[in-house]
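Comments concern the structure below.
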Amino acid sequence: MTLYEFAYIVSKMIFSIVTFRTPLKAYGKENIPAGGAVICSNHVHNSDPFYIVYSFHRKDKIWIMAKEEIRHYPVVGRLLNWLGFVIWVRRGKSDVGAIKSALKALKGKEKLLIFPEGTRHEEIGEGKTGAAMMAIRTGVPVLPVYIAPERTPFHRTKVYIGEPYQPFTENRRATAEDYEAVTEEIMDHIRAVRDRRAEMEARG
């Protein structure tokens with residue numbers, strides 16, 4: 001058992017206890033690709049990273065990009081620090097160290113969870129270009145995910161995992177306009193997963 005798998009199991013148990021919630025329900029797990037991928041999801045609650053990570057197999061090593069402020073939150077921050085596989089990002093600054101760590105993880109065939117919106121939204125908002133840049137520079141696929149906004153004690157939180165796709169396959173260096181276009185494409189894919197929830201639930 002790897003260190004990540006151990007942290008996954010123990011943190012999941014602790015998370016279930018402190019949040020008083022029954023196990024989540026993940027749809028589309030068959031879409032999870034082997035190797036590196038940029039996981040892009042909508043963002044509603046601070047607890048979203050945990051529900052998404054626990055929707056994947058424990059062998060799928062996932063690094064989480066999270067804003068530095070969360071590190072100091074009493075419950076979520078402590079759990080993320082304990083989990084250990086978090087890349088803390090200082091918002092409003094060019095955090096070169098965080099970018100290098102994220103690229104290294106993807107090039108090492110590990111997965112990276114990013115919330116393209118950068119902050120929480122009740123509805124899916126506009127994305128920032130960080131996720132697009134990561135996927136384009138490493139050549140890994142984007143995996144769109146939608147997490148249901150409802151959080152009710154003793155009820156399952158639902159996570160929907162869409163199909164991976166390869167953005168920007170042109171044989172040239174990407175421009176700022178390309179990053180913007182791919183970002184819009186990523187957000188459209190997340191919305192598409194949201195709109196296919198009933199279909200995914202019917203398939204089980």
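Each residue of the sequence shown is one higher than the last, beginning at 1 in UniProt numbering. No residue lacks a Cβ here, since even glycine has one placed at the ideal position from N, Cα and C. Quick caveat: nothing in here was measured; it's all calculated off a predicted structure.
In the DSSP output, which residue or residues are listed as bridge partners for residue i?
i, result
"K67", "V89"
"A37", "K111"
"I62", "K111"
Relative to the C-alpha of residue i, which candidate in the options has its C-alpha closest?
i, options, result
"Y41", "V18, K100 and A132", "Before going further, note that residue 41 is Ser rather than Tyr in the sequence given. When each option's Cα is compared against that of S41, the closest is A132."
"R58", "A148, Y8 and K29", "Y8"
"L143", "K25, T152, Y160 and A181", "Y160"
"E117", "N31, I39 and I17", "I39"
"F56", "N81, E30, G97 and A202", "E30"
Where do the ends of the alpha helix (DSSP H) carrying residue i lie?
i, result
"V193", "A176 to D195"
Who are the near neighbours of residue i in its chain, counting only those whose CB is closer than 7 Å to its CB and skipping five residues on each side?
i, result
"L103", "M134, R137 and T138"
"residue 218", "The shown model of the chain, from 1 to 204, leaves out residue 218, and the question about it has no answer."
So residue i is in the beta strand (DSSP E); what residue range does that whole segment cover?
i, result
"I114", "K111 to I114"
"A148", "No beta strand (DSSP E) contains A148, which DSSP labels as neither H nor E."
"V159", "K158 to I161"
"Y51", "Unbroken run through Y51 is the alpha helix (DSSP H), D48 to V53; no beta strand (DSSP E)."
Do residue i and residue j have their CB atoms nearer than 7 Å?
i, j, result
"G77", "I70", "yes"
"Y51", "T175", "no"
"R191", "I147", "no"
"M65", "V89", "yes"
CB-CB under 6 Å to residue i, same chain, minus the five flanking residues each way: which ones, in chain order?
i, result
"K12", "Y54"
"K109", "G35 and G36"
"V193", "P144, Y146, Y160 and G162"
"P149", "V44"
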